[in-house]
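Have a look at the structure below before the remarks.
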Amino acid sequence: LSLFDLAQTPSSDSAHELGRRIADTCGADCLARLDRLLAAFDQQLPEGCARLEFLAVAPHSQGQGLGGALLQATLQAMAAAGCSAAALETGAERNLALYRRHGFELLGRADFDALRQYSLWRPTIAQVEPGAATGTPIR
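As numbered in our numbering, residues 11 to 149 make up the sequence shown, in order.
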C-alpha cells in the first residue's frame with residue numbers, strides 16, 4: 011500500500027486531462043456547474059475549515075479499505091497543518107457511509123442543472139487518532 015504525497019499538486023497536463031474527461035462525460039458546461047456548486051458550498055464553511063477537494067480509489071481496488079485509509083491520512087495531515095475542521099462534497103450517495111464513519115456530518119444537498127452534490131463537514135479534526143474507525147479526535 012502506497013499513499014501519495016498529500017501536498018502533491020497535479021501537473022497541468024493531468025489537470026487538463028481531468029477537465030477533458032469531466033467535459034466528455036458530463037457535458038461541456040459541467041465544469042461551470044461544478045464551480046457554481048463549489049462557490050455555494052464555500053459560503054457555508056467556517057474560518058479555519060479545510061476542504062477536501064478530491065479523494066478516489068481505482069474501481070478495481072475499491073472495497074479493500076483504501077478509501078478509509080486515504081481519508082484518515084488526509085485528516086491527519088489537515089490536523090498537523092492546524093486546520094480546525096474539514097469539509098467535502100460528493101455527488102455519489104454511496105460515499106456518504108464512508109464519510110459518516112469518519113465523523114463527517116451531512117450539511118445539505120444541492121441540485122443544480124441535474125447535478126446533485128452532498129455537502130458534509132467534520133466539526134473538529136484535531137489530533138486524529140491513526141486507524142480510528144470513527145475518526146474521533148483524541149482529547
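Beta carbons are placed, not taken as given, at the ideal position from N, Cα and C, and that holds for glycine.
- The three-state secondary structure of residue 120, taken from DSSP, is strand.
- Along the region 69–140, the alpha helix (DSSP H) occurs as fully enclosed runs of 4 or more residues at 76–90, 106–111, listed in sequence order.
- Listed in chain order, the non-local C-beta contacts of residue 114 below 6 angstroms within the same chain comprise 130, 132, local neighbours out to five positions each way being set aside.
- DSSP places residue 62 within a strand segment (E or B) once states are collapsed to three.
- Distance from the CA of residue 71 to the CA of residue 42, rounded to the nearest whole angstrom, comes to 30 angstroms.
- A Cβ-Cβ separation of about 6 angstroms places residue 77 in contact with residue 108 under the 8 angstroms criterion.
- Around residue 58, the same chain offers 93, 94, 95 as residues with beta carbons nearer than 7 angstroms, after the five sequence neighbours per side are excluded.
- Scanning its chain for C-beta atoms nearer than 6 angstroms, with the 5 sequence neighbours on each side dropped, one finds around residue 127 the residues 47, 99, 101, 120, in chain order.
- Approximately 12 angstroms separates the beta-carbon atoms of residue 54 and residue 116; this is outside 8 angstroms, ruling out the contact.
- In this structure, the straight-line span from the alpha carbon of residue 60 to that of residue 97 is close to 6 angstroms.
- The C-beta of residue 28 has fewer than 16 other C-beta atoms within 10 Å across all chains shown, which makes the residue exposed.
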